[in-house]
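Chemist: Every letter in the sequence shown is one number past the one before it in UniProt numbering, and letter 55, counting from 1, is 55.
Heads up, the beta-carbon is just placed ideally off N, CA and C, and yes, glycines get one too.
Predicted model only: the values in this text are computed from it and were never measured.
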Amino acid sequence: MSGVQGRLAGKVAYITGAGSGIGRAAARLFAREGARIVVAEFGDSAGRSCVEAIQAAGGQAIYIHTDVTSEDSVRASIDAAMAQCGRIDVLYNNAGGSSALDAQVTDCPVEEFWRAIRLDLFGTWVTCKYGIAAMLKGGAGGSVINSSSVFALVGTRGKDAYTAAKGGISAITRSMAAEYAPQRIRVNALAPAITLTERVKGLLQVQPDLLAKTGERQLLGLTQPEEVAAMALWLATDESKTVTGQVIAIDGGMSAS
1 MSGVQGRLAG KVAYITGAGS GIGRAAARLF AREGARIVVA EFGDSAGRSC
51 VEAIQAAGGQ AIYIHTDVTS EDSVRASIDA AMAQCGRIDV LYNNAGGSSA
101 LDAQVTDCPV EEFWRAIRLD LFGTWVTCKY GIAAMLKGGA GGSVINSSSV
151 FALVGTRGKD AYTAAKGGIS AITRSMAAEY APQRIRVNAL APAITLTERV
201 KGLLQVQPDL LAKTGERQLL GLTQPEEVAA MALWLATDES KTVTGQVIAI
251 DGGMSAS
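#1: Hey, how far is the Cα of D160 from the Cα of C108?
#2: Tell me where the beta strand (DSSP E) around E41 begins and ends.
#3: If you run the structure through DSSP and keep just helix, strand and coil, what is I194?
#4: Buried or exposed for D251, going by 16 or more other Cβ atoms inside 10 Å?
#5: State the Cα-Cα distance for the pair P208 and C85, rounded to the nearest angstrom.
#6: Note down the Cα distance separating L121 from S45, rounded to an integer number of angstroms.
#7: Specify the secondary structure class of L219 as computed by DSSP and reduced to three states.
#8: Does DSSP put G86 in a helix, in a strand, or in coil?
#9: From the DSSP output, in three-state form, read off L119 for me.
#10: According to the neighbour-count rule (16 or more other Cβ atoms, all chains shown, within 10 Å of its Cβ), is A177 buried or exposed?
#11: Report the rounded CA-to-CA distance for G141 versus V154, giving the unit in angstroms.
#12: What does the alpha-carbon distance come out to for the pair residue 266 and V187?
#13: Should Q218 be labelled buried (16 or more other beta-carbon atoms within 10 Å of its own) or exposed?
#14: Whole angstroms are fine: how far does the CA of R24 sit from the CA of I78?
#15: Whole-angstrom Cβ separation of A193 and M231, contact assumed at under 8 Å?
#16: On the three-state DSSP scale, how would you describe L91?
#17: Since I believe S143 is in contact with I169 (beta carbons under 8 Å), could you give me their beta-carbon distance rounded to a whole number of angstroms?
#18: Use the C-beta contact count for T124: other C-beta atoms within 10 angstroms, 16 or more gives buried, fewer gives exposed.
#19: In chain order, what residues of the same chain have a beta carbon less than 7 Å from the beta carbon of V105, not counting five sequence neighbours either side?
#20: Hey, would you say L235 sits closer than 8 Å to V243, going by beta carbons?
#21: Report the three-state DSSP secondary structure of G23 (helix, strand or coil).
#22: Does the structure place the stretch 196 to 203 close enough to the stretch 57 to 65 that three or more beta carbon pairs sit under 8 Å?
#23: Considering V144, what are the terminal residues of the beta strand (DSSP E) in which it resides?
#24: Assuming G34 contacts Q5 (C-beta within less than 8 Å), just tell me the rounded distance between them.
#25: Under DSSP, the alpha helix (DSSP H) around A171 begins and ends at which residues?
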């Protein structure tokens, strides 16, 4: 990959939850397009594995242990990324996810609500807090890509904690887009439907009714991690330089049905 000028040549991309699933697919794709990748991951083995895969393909990547539910961890992670890479051009807040404990509001454990809020909503908010501050120091603008969900766009039964968290992400995406447009920092969100990561495949084994309830509404079929990564790549490039404040559904037509 040395010497190849890709769509992200010269840029540094900081990706949370990059050890697996959509984050890993995005990290590998961004690296193929010339970006230097910061794999900000909680699972050490998964994070290092992603870095090794990128480096084996000729790309550049570093691993930084990161817990997005901890302000101290995120702050230290962003500081380490800046110290090692000198800049952050793309901030992809990918870390998050639902669990089998989620349910309709009358049945959902309160602990599950706070787990979803802390992982998905707070994790995105606090990474933006320190990641956007790093972009502002660089003075060259940048692209923030948040991870919402189609569940925040259409009514979906049985996921009231996850839906609350993802709805909050959609809202702060719009407010931050308005706030930082003068500094040429774009903030958008992706809203996938059911995406066939390894984690989701395991969840569907526990909750087969989830696929029956929502999968059939994805008119073009279930989403693959690489398809979400491809849209994230476009948002990361200068090709989308006038796009901000958008929540883009990648849902096989679910939100239109």
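Modeler: The answer reads as follows:
#1: Here residue 160 corresponds to residue number 160 of the sequence shown, with the count starting at 1. Here residue 108 corresponds to residue number 108 of the sequence shown, with the count starting at 1. D160 and C108 have their C-alpha atoms spaced approximately 8 Å apart.
#2: In the sequence shown, the residue the question calls residue 41 occupies position 41. First-last of the beta strand (DSSP E) with E41: 36 to 41.
#3: For this step, residue 194 is matched to residue 194 along the sequence shown. The answer is coil: DSSP assigns I194 none of H, G, I, E or B.
#4: Position 251 of the sequence shown, counted from the first residue, corresponds to residue 251. The residue in question, D251, is buried, as its Cβ has 16 or more Cβ neighbours within 10 Å.
#5: As a position in the sequence shown, residue 208 is number 208, starting the count at 1. As a position in the sequence shown, residue 85 is number 85, starting the count at 1. Put simply, the backbone Cα of P208 is about 43 Å away from that of C85.
#6: Residue numbering aside, residue 121 sits at position 121 when the sequence shown is read from its first letter. Residue numbering aside, residue 45 sits at position 45 when the sequence shown is read from its first letter. Straight-line Cα distance between these residues: approximately 25 Å.
#7: Residue numbering aside, residue 219 sits at position 219 when the sequence shown is read from its first letter. Three-state result, L219: coil.
#8: Residue 86 sits at position 86 when you count from the first residue of the sequence shown. When secondary structure is reduced to three states using DSSP, G86 falls in the coil class, being assigned neither helix nor strand.
#9: Here residue 119 corresponds to residue number 119 of the sequence shown, with the count starting at 1. The answer is helix: DSSP assigns L119 an H, G or I state.
#10: If you number the sequence shown from 1, residue 177 lands on position 177. Result: buried.
#11: Counted from its first residue, the sequence shown places residue 141 at position 141. Counted from its first residue, the sequence shown places residue 154 at position 154. Looking at the two C-alpha atoms, the distance is approximately 32 Å.
#12: Because the chain spans 1 through 257 in this model, residue 266 falls outside it and cannot be assessed.
#13: As a first step, residue 218 is located in the sequence shown; it is residue number 218 there, counting from the start. Q218 comes out buried.
#14: Here residue 78 refers to the residue found at position 78 of the sequence shown. Here residue 24 refers to the residue found at position 24 of the sequence shown. Those two C-alpha atoms are separated by around 19 Å.
#15: Position 193 of the sequence shown, counted from the start, is the residue given in the question as residue 193. Position 231 of the sequence shown, counted from the start, is the residue given in the question as residue 231. Between M231 and A193 the Cβ distance is about 13 Å, and since that is not below 8 Å, they are no contact.
#16: Translated into positions along the sequence shown, residue 91 becomes position 91. Residue state, collapsed to three classes: strand.
#17: Position 169 of the sequence shown, counted from the first residue, corresponds to residue 169. Position 143 of the sequence shown, counted from the first residue, corresponds to residue 143. Their Cβ separation, rounded to whole angstroms, is 16 Å, which puts I169 and S143 out of contact at 8 Å.
#18: Taking the first residue of the sequence shown as position 1, residue 124 is located at position 124. The residue is buried, with at least 16 neighbouring Cβ atoms inside 10 Å.
#19: Taking the first residue of the sequence shown as 1, we reach residue 105 at position 105. Counting only Cβ-Cβ distances below 7 Å, and skipping sequence neighbours, we find D160.
#20: As a first step, residue 235 must be located in the sequence shown, where it is residue number 235. As a first step, residue 243 must be located in the sequence shown, where it is residue number 243. Yes, the pair counts as a contact, with Cβ atoms nearer than the cut-off.
#21: As a working mapping, residue 23 is identified with position 23 in the sequence shown. Residue state, collapsed to three classes: helix.
#22: At 8 Å Cβ cutoff, the stretches do not touch.
#23: In the sequence shown, the residue the question calls residue 144 occupies position 144. Note, V144: beta strand (DSSP E), 142 to 147.
#24: To locate residue 34, count along the sequence shown from 1; it is residue 34. To locate residue 5, count along the sequence shown from 1; it is residue 5. Approximately 6 Å separates the beta-carbon atoms of G34 and Q5; this is inside 8 Å, confirming the contact.
#25: For this step, residue 171 is matched to residue 171 along the sequence shown. Going by DSSP, A171 is part of the alpha helix (DSSP H) stretching over 160 to 180.
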